[in-house]
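Report on the following structure.
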Amino acid sequence: MAAALPPVPEEQAFLETFFQCLSQFAFDKAKELSEKERDSHDAAFGSSWGLLLNSLGHLAFSEKMYMSLMFLGQKWFGRKDNLRSSYSVLLSELKKIEEHAASASDYPGKVRTPERILGHLCGQLCQFLTARTKMMDFYEQLATMGSQKTTYEDLENVITEIIQAHQKSFHHPILSPLKNAFSLECDIVHNLLLAQMDMAQLKFLSSLIHLHDAHSKLASWMPALQSREQSKKLGFSRQPSMPALYQWLVRYKAALVAKFSLYFYETLSKQAPPGDLKALIAKTPVDFYARIVTFHKKSDASHVSAVFDTSGLEEPYRGPGYHHPLKIVESPTGLDSYPAVFSYPGERPAAHWPNVIMIINDRAAELGHIDKVVHFYDKQVQSTYFLAQIEPRLTFVVIFDNNKKSERDSYVCNFIQDICTQLRCTKIFSTLKPGGKS
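In the UniProt record's numbering, the protein residues as written are 1 to 438.
So, in structure tokens, the structure goes:
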């Protein structure tokens, strides 16, 4: 008969439950547990354990504030950043406990293993708080996308550095729920940024893989997917609600799926019946296809297109969809170097394409200004062109054949500005801040 496993120490059981609660967004439950444990150990007041219990209550409250994104709210003159202050105080408290535990374990002739473990945990929690403040800086940068000169490449470098710097930090088994949740958060936002960057280069497969990875990790992080036994063990009467940060990541992924559905519409349309594809796209937060169809009908535009500039790509443009990486292709030239990513109705208007490419190149400086809609009327073909840059290599084009339209046409200009803003995802980034409008 196998020997029974030794019982888990009371302190270890408490810590495992506490950090499991934090990882499942049950911040109030975690704070309540720490307060009950602290009150039941009055005799331990002043000890490393008593001090740690007090700090854990503060940690639960700070984590709730972090996940609510309240630290991104507007800061008035003279007002302190409360969450940064809380993390700073916590960092100081944990360092003192670490020093206290180290001195207590140095008494000759006494075995103070619990003290050494507590000191070790406090040291690793300090690493966690350092990582948290770096993520706060990262989200502050992300929230200003569209209004600052920060690029997606800059942000991807920042999150990569955070992931690499803390890959081996706060690794104690007791902290594994905290570590797993932090890793999931970083990996999700990293994959979403990579998906957005790859979409801007029209990389179908890698965009799809990053979106799928983000989707899978969001699902695994979701507390509702935890087992019923685990939830019962933690004493949840109901599942904790999704905090603002998690909800924002879900919205960001959904926005990128909508963008993916337009950029790769031609490829996707070959994989499913038109009705099925339209039904799936209609479930995305912005049904770009339906909006373009509606605009086309109401405005009497002859064509609506998104044009991709393939010049200067690191790898030759292979065309829409998946292509075997070892297949040798030549870079497109001439008119083919500006393919239509999307065109409605039908294929790109070949008769207008030389004009479109000429405008993109001749008016490049104007197109480089965000929210600038470039207007051009060609007397020879009696056609009007409206263009706006979605991102550096992608231009949104509306053509009115045999129709002179005013450059101040508000319906056309507003539609182009709005759809380009939606495709850039700048509205999604602005909603990181509490009260931000999508």
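Each residue gets a CB set at the ideal place from its N, CA and C atoms; glycine is no exception. It should be emphasised that the depicted structure is a prediction, and the values quoted were computed from it without experimental measurement.
Check this for me: beta carbons of SER34 and GLY50, under 8 Å apart or not? For the purposes of this step, residue 34 is identified with residue 34 of the sequence shown, where counting begins at 1. For the purposes of this step, residue 50 is identified with residue 50 of the sequence shown, where counting begins at 1. At a Cβ-Cβ threshold of 8 Å, SER34 and GLY50 do not count as neighbours.
Looking only at its own chain, which residues have a Cβ that is under 7 Å from the Cβ of SER269, when we skip the five neighbours before and after it? Along the sequence shown, one-based indexing puts residue 269 at 269. Excluding positions up to five away in sequence, the list reads LEU277.
Those residues which DSSP pairs with PHE342 across a bridge: Along the sequence shown, one-based indexing puts residue 342 at 342. Looking at the DSSP assignment, PHE342 forms a beta bridge with ALA306.
Counting only runs of 4+ residues fully inside the segment 361-408, write out the alpha helix (DSSP H) ranges in chain order. 364-367
Going by beta-carbon coordinates alone, are LEU192 and TYR152 separated by less than 8 Å? Working through the sequence shown from its first residue, we reach residue 192 at position 192. Working through the sequence shown from its first residue, we reach residue 152 at position 152. Not closer than 8 Å, so no.
Under a Cβ-count criterion, where at least 16 other Cβ atoms within 10 Å of its own Cβ denotes burial, should LYS379 be classed as buried or exposed? Residue numbering aside, residue 379 sits at position 379 when the sequence shown is read from its first letter. Answer is exposed; the Cβ neighbour count stays below 16.
Relative to the C-alpha of ALA220, which candidate in ASN180, HIS120, ASN157 and GLY346 has its C-alpha closest? Working through the sequence shown from its first residue, we reach residue 220 at position 220. A small correction: the amino acid at residue 220 is Ser; Ala does not occupy that position in the sequence shown. Considering only alpha carbons, the answer is ASN180.
In terms of residues, what are the limits of the alpha helix (DSSP H) holding residue 474? Only positions 1 to 438 of the chain appear in the structure, and residue 474 is not among them; the question remains open.
Quick one: what's got a C-beta closer than 8 Å to ILE360's C-beta in the same chain, skipping five residues either side? Counting from 1 along the sequence shown, the entry for residue 360 is found at position 360. Once the five neighbours on either side are set aside, the close Cβ partners of ILE360 are VAL307, ASP309, TYR338, LEU367, LEU387 and THR395.
What whole-angstrom Cβ distance do residue 496 and ILE399 have, given they're in contact under 8 Å? For the chain, the structure presents residues 1 to 438; residue 496 sits outside this window and is missing.
What residues in its chain sit with their C-beta under 7 Å from that of THR284, if we drop five residues either side in the sequence? The sequence position of residue 284 within the sequence shown is 284, counting from 1. ALA254, VAL257, ALA258 and SER261.
By DSSP, does MET242 sit in helix, in strand, or in coil? The sequence position of residue 242 within the sequence shown is 242, counting from 1. DSSP places MET242 in coil when its eight states are reduced to three.
Proximity test, Cβ basis, 8 Å: MET65 and chain D: Looking at the structure shown, chain D is missing, and only one protein chain is on hand.
Are PHE342 and TYR411 close, meaning C-beta to C-beta below 8 Å? As a first step, residue 342 must be located in the sequence shown, where it is residue number 342. As a first step, residue 411 must be located in the sequence shown, where it is residue number 411. The answer is no: Cβ separation not under 8 Å.
Please report how far the alpha carbon of PHE14 lies from the alpha carbon of PRO274, in whole angstroms. Sequence index remark: in the sequence shown, residue 14 carries index 14 (1-based). Sequence index remark: in the sequence shown, residue 274 carries index 274 (1-based). Distance between the alpha carbons of PHE14 and PRO274 is about 55 Å.
Starting from VAL189, trace the alpha helix (DSSP H) in both directions and tell me its first and last residue. Here residue 189 refers to the residue found at position 189 of the sequence shown. It spans 176-200 - the alpha helix (DSSP H) in which VAL189 sits, taken as one unbroken run.
Taking 7 Å as the limit between beta carbons, can you name the residues of its chain near ASP287, skipping five residues before and five after? The residue given as residue 287 occupies position 287 in the sequence shown. The answer, listed in chain order, is ILE281.
Rank VAL373, PRO434, GLY123 and HIS190 by C-alpha distance to the C-alpha of ALA102 and give the top, closest one. Position 102 of the sequence shown, counting from 1, holds the residue named residue 102. Just measuring C-alpha positions, the residue of VAL373, PRO434, GLY123 and HIS190 sitting nearest ALA102 is GLY123.
Evaluate HIS100 with the Cβ neighbour count: other Cβ atoms within 10 Å of its Cβ, from every protein chain shown; 16 or more gives buried, anything less gives exposed. The sequence position of residue 100 within the sequence shown is 100, counting from 1. Buried is the call here.
Per-residue DSSP class, three states only, for MET135: Against the sequence shown, residue 135 aligns to sequence position 135. In this structure, MET135 counts as helix in the three-state DSSP scheme.
What are the boundary residues of the alpha helix (DSSP H) that ALA60 is part of? Taking the first residue of the sequence shown as position 1, residue 60 is located at position 60. That run of the alpha helix (DSSP H) goes 48-68.
Integer Cβ distance of TRP248 from THR130, believed to fall under 8 Å: Working through the sequence shown from its first residue, we reach residue 248 at position 248. Working through the sequence shown from its first residue, we reach residue 130 at position 130. 23 Å between Cβ atoms; not a contact.
Neighbourhood of HIS166 by C-beta distance below 6 Å, restricted to the same chain and skipping five residues each side: Numbered from its first residue, the sequence shown carries residue 166 at position 166. Here the set comprises ALA131.
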